[in-house]
Amino acid sequence: MASASTPDESPSAKRWLPLEANPEIMNQFLWGLGLPPDEAEFGDVYGLDEELLAMVPKPVLAVLFLFPLTNKVEAERMSEEDNVKKEPSNKVYFLRQTVGNACGTIGLLHAIGNVTSVIRLSEDSYLDRFFKSTANMDPLERAAFLEEDTEMENAHSVAATAGDTEASTKYQYKCGYSFYLLHLCGRRAL
Numbered sequence: 001m002a003s004a005s006t007p008d009e010s011p012s013a014k015r016w017l018p019l020e021a022n023p024e025i026m027n028q029f030l031w032g033l034g035l036p037p038d039e040a041e042f043g044d045v046y047g048l049d050e051e052l053l054a055m056v057p058k059p060v061l062a063v064l065f066l067f068p069l070t071n072k073v074e075a076e077r078m079s080e081e082d083n084v085k086k087e088p089s090n091k092v093y094f095l096r097q098t099v100g101n102a103c104g105t106i107g108l109l110h111a112i113g114n115v116t117s118v119i120r121l122s123e124d125s126y127l128d129r130f131f132k133s134t135a136n137m138d139p140l141e142r143a144a145f146l147e148e149d150t151e152m153e154n155a156h157s158v159a160a161t162a163g164d165t166e167a168s169t170k171y172q173y174k175c176g177y178s179f180y181l182l183h184l185c186g187r188r189a190l
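In this text, residue positions in the sequence shown follow full-length UniProt numbering: the first is 1, and each later residue adds one.
See the structure below:
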């Protein structure tokens, strides 16, 4: 959404360029941050019927959904805030989104952060250090950590400018993993 700010962002909050929903860009981004290419990679899902799902490489560890962020979606998100569980589960890696347009990177961090028990990150890589540093933080502390993290901001900037399409702020990412669909949108409470 192209609004000046959301409940998770202050008017002076950082804003990044949106990350293109392109598996090649996402793979290069994450591989550069310490996800070994032989551990995991992103690919496109062209549809949900059996023939199209058969084309998706297995095993599937996480799924990112890109969906339009409309006024209706934003109104629903805000109305749900009071009904959402306030204490985050320690079984789910989650961080709030306080940086504008960072939903792609937040979605990728949710995807990787929730499968670290089944993949190996390169020792002392950015991702390895990030998840170790934020493991015992709550979602808002993780968000503050990311907001001050210039290494991630720079890496995100490189990835965001590597795409082929014009940046759009009308879309939002969701992440699902481990055979459950968890709406891990960093702009929502968990």
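Don't be surprised by glycine CBs; every beta carbon is placed ideally from N, CA and C.
In this text the structure is predicted, and so the values were computed from the model without any measurement.
Legend entry - Check whether residue 194 and Leu-95 have beta carbons under 7 Å apart: Here the chain covers residues 1 to 190 and nothing more, so residue 194 does not appear.
Inset, instruction - Give the range of the alpha helix (DSSP H) segment to which Ala-111 is assigned. - result: 103 to 113
Inset, instruction - Excluding the 5 residues preceding and the 5 following Glu-123 in the sequence, name in chain order all residues of the same chain whose CB lies nearer than 7 Å to its CB. - result: none
Legend entry - the region 117 to 136 in contact with the region 99 to 106 per 3-pair CB rule at 8 Å: no
Inset, instruction - Tell me, to the nearest whole angstrom, how far the beta carbon of Leu-19 is from that of Ala-111; I am working on the premise that it is less than 8 Å. - result: For a cut-off of 8 Å, the C-beta gap from Leu-19 to Ala-111 is around 13 Å, too long to register as a contact.
Legend entry - 7 Å CB neighbourhood of Ala-40 in its chain, flanking five on each side removed: Leu-61, Ile-119
Legend entry - Unbroken beta strand (DSSP E) run spanning Pro-23, endpoints: From DSSP, Pro-23 is part of no beta strand (DSSP E) but of the alpha helix (DSSP H) over 23 to 33.
Legend entry - Alpha carbon of Met-152 to alpha carbon of Leu-33, nearest angstrom: 9 Å
Inset, instruction - Say yes only if the C-beta of Thr-105 is nearer than 6 Å to one or more non-hydrogen atoms of the ligand HEM, and no if none qualify. - result: This structure lacks the ligand HEM, and indeed carries no ligand of any kind.
Legend entry - Host beta strand (DSSP E) of Leu-48 (start-end): Where Leu-48 is concerned, there is no enclosing beta strand (DSSP E), given that its DSSP letter is neither H nor E.
Legend entry - Whole-angstrom distance between Leu-127 and Leu-146, CA atom to CA atom: 12 Å
Inset, instruction - Consult DSSP for Val-158 and reduce its assignment to one of helix, strand or coil. - result: helix
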